[in-house]
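Take a look at the structure set out below.
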Amino acid sequence: MPTPPPVRKAVFPVAGMGTRFLPATKAVPKEMLPVVDKPVVQYAVEEAKEAGIEQFIFVTGRGKYIIEDHFDHAYELESLLSSRDKTAELNSLLEDLPITGSVSFTRQQKPLGLGHAVWSARHFVGNEPFAVLLPDDLLVGKPGGMARMIEAYRSVGGGMIVAAEEKPLAETSRYGVIEPGAIKDNVIEVKGVVEKPSPEHAPSQLCIIGRYILSPEIFAELDRQERGAGNEIQLTDSMARLIGRVPFHAVLTGCARYDCGDKVGFLHANIAVGLSRPDIAPALRAILKEVSG
Ligand code: UTP
6 MPTPPPVRKA VFPVAGMGTR FLPATKAVPK EMLPVVDKPV VQYAVEEAKE AGIEQFIFVT
66 GRGKYIIEDH FDHAYELESL LSSRDKTAEL NSLLEDLPIT GSVSFTRQQK PLGLGHAVWS
126 ARHFVGNEPF AVLLPDDLLV GKPGGMARMI EAYRSVGGGM IVAAEEKPLA ETSRYGVIEP
186 GAIKDNVIEV KGVVEKPSPE HAPSQLCIIG RYILSPEIFA ELDRQERGAG NEIQLTDSMA
246 RLIGRVPFHA VLTGCARYDC GDKVGFLHAN IAVGLSRPDI APALRAILKE VSG
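Using the working numbering, the first residue of the sequence shown is number 6, and each one after it goes up by one.
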């Protein structure tokens, strides 16, 4: 099997309005809400970095400028930490900074849907395969979700890859759902995909979660700007139109996944990540026992 072209770029669509998390998201982007002590978006960037991604493209919208600030130097803070000899804090801030020139921002202007957000990044991506990470889906695992997807991308010879998770039938109407073909280990051939089907129309319970590897052909499909479910320009509709022309697989990543765009999912993530952190786990465990007992 020929080696597919490398996946060097990742798009982070962060232009959504976060209506499920109001009023927290009125002035603060949901991607900046912290899970323990790190904004949700930083976990996604670290996952992409771990997978070998070199260029990070953010699709932002109104009121999202603090995401840009987060990935930039904060001179006053850095000099304050330095003058107070808070070396560990300073080093950790500096280590998290992306290399100059590796991060770009573009605006979606109107939140017309995920497909439209990805299309907004077309000039930054150009003519090469690329990853898409929805930061409000937090994947926790070693190796991370995107690293596992890139491994699958190589093993099947390229094409489109999505991360999938088996969900209860009652929840299919919240996801893109795949029609599965041949299954090998954790990689499933995708024969079709339906956006937000009612349980009786769902082709399976395998739901697409917020990680994709796409081939550049997707942009010609997104150019059509066709509206789908919820009157939004859906990414999955364009992916479905490429079936037969571009190989398409789903990967069960084996990672734990938390929907941080949802209040309960966000609290779940904070508890799970908190309990995995030796510095705070004992105190958190004691609190959980107290409030639930
Ligand atoms: P969601 O549907 O979870 O985001 O989109 P939302 O619209 O902000 O959420 P609610 O339902 O109103 O609470 C999944 C991802 O796609 C991005 C979001 O920022 C999120 O990362 N997105 C969605 C865009 O960038 N643009 C859009 O037009 C829609």
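Each residue gets a CB set at the ideal place from its N, CA and C atoms; glycine is no exception.
heavy atom of the ligand UTP below 7 Å from residue i C-beta
i: Asp242; result: no
i: Pro28; result: no
i: His121; result: yes
i: Val278; result: no
i: Met22; result: yes
i: Leu272; result: no
i: Gly68; result: no
i: Gly266; result: yes
i: Val16; result: no
i: Arg127; result: no
i: Leu38; result: no
i: Pro116; result: yes
i: Asp141; result: yes
i: Gln230; result: no
i: Gln239; result: no
i: Val45; result: no
i: Arg25; result: yes
i: Val137; result: no
i: Gln210; result: no
i: Val269; result: no
i: Val64; result: yes
i: Val50; result: no
i: Val19; result: yes
i: Gln113; result: yes
Integer-rounded CB distance, given that residue j should sit under 8 Å from residue i
i: Gly66; j: Leu138; result: Contact flag wrong, Cβ pair sits at about 17 Å.
i: Leu211; j: Ile193; result: 7 Å
i: Leu219; j: Met165; result: 6 Å
i: Gly279; j: Leu289; result: 5 Å
i: Val123; j: Phe63; result: About 12 Å separates the two Cβ atoms, so there is no contact after all.
i: Ala255; j: Met151; result: With 8 Å as the limit, Ala255 and Met151 do not qualify as a contact, their Cβ atoms being about 14 Å apart.
i: Pro208; j: Leu174; result: The pair is not a contact, with the Cβ atoms about 12 Å apart (cut-off 8 Å).
6 Å CB neighbourhood of residue i in its chain, flanking five on each side removed
i: Lys172; result: Gln210, Cys212
i: His121; result: Ile238
i: Tyr263; result: Leu143, Gly270, His273, Ala274
i: Thr30; result: Gly23
i: Gly68; result: none
i: Glu94; result: Leu86
i: Asp74; result: none
i: Ser178; result: Lys201, Ser203
Residues of its chain near residue i, where Cβ-Cβ distance is below 7 Å and the 5 sequence neighbours each way are ignored
i: Arg282; result: Val41
i: Glu200; result: Gly181, Gly233, Ala234, Gln239, Thr241, Asp242
i: Leu146; result: First, the amino acid is wrong: residue 146 is Gly here, not Leu. Correct list, in chain order: Thr258, Gly259, Cys260, Ala261.
i: Pro7; result: Gly162
i: Ala126; result: Val16, Ile62, Val64, Thr111
i: Ala53; result: Ala15, Phe61, Ala136, Leu138, Met151
i: Ser107; result: Glu59, Gln60, Phe61
Neighbour-count burial assignment, residue i, 16 or more Cβ in a 10 Å radius
i: Asp77; result: exposed
i: Gln230; result: exposed
i: Val195; result: buried
i: Val50; result: buried
i: Tyr217; result: buried
i: Gln114; result: exposed
i: Leu85; result: exposed
i: Val198; result: buried
i: Asp141; result: buried
i: Val130; result: buried
i: Tyr80; result: exposed
i: Tyr158; result: buried
i: Ala225; result: exposed
i: Leu99; result: exposed
i: Ile292; result: exposed
i: Ala245; result: buried
i: Val296; result: exposed
i: Leu119; result: buried
i: Tyr48; result: buried
Same chain, Cβ closer than 8 Å to residue i, neighbours up to 5 away in sequence not counted
i: Phe26; result: Lys35, Leu38, Gly266, Asp267, Lys268, Phe271
i: Asn132; result: Pro221
i: Ile188; result: Glu194
i: Val251; result: Gly164, Met165, Ser220, Glu222
Given 8 Å as the limit, is there contact between the stretch 82-102 and the stretch 28-41, that is, 3 or more CB pairs closer than that?
no
Using 8 Å as the cut-off, can you tell me whether the stretch 90-107 makes contact with the stretch 53-63, which would need three or more C-beta pairs spanning the two stretches below that distance?
yes
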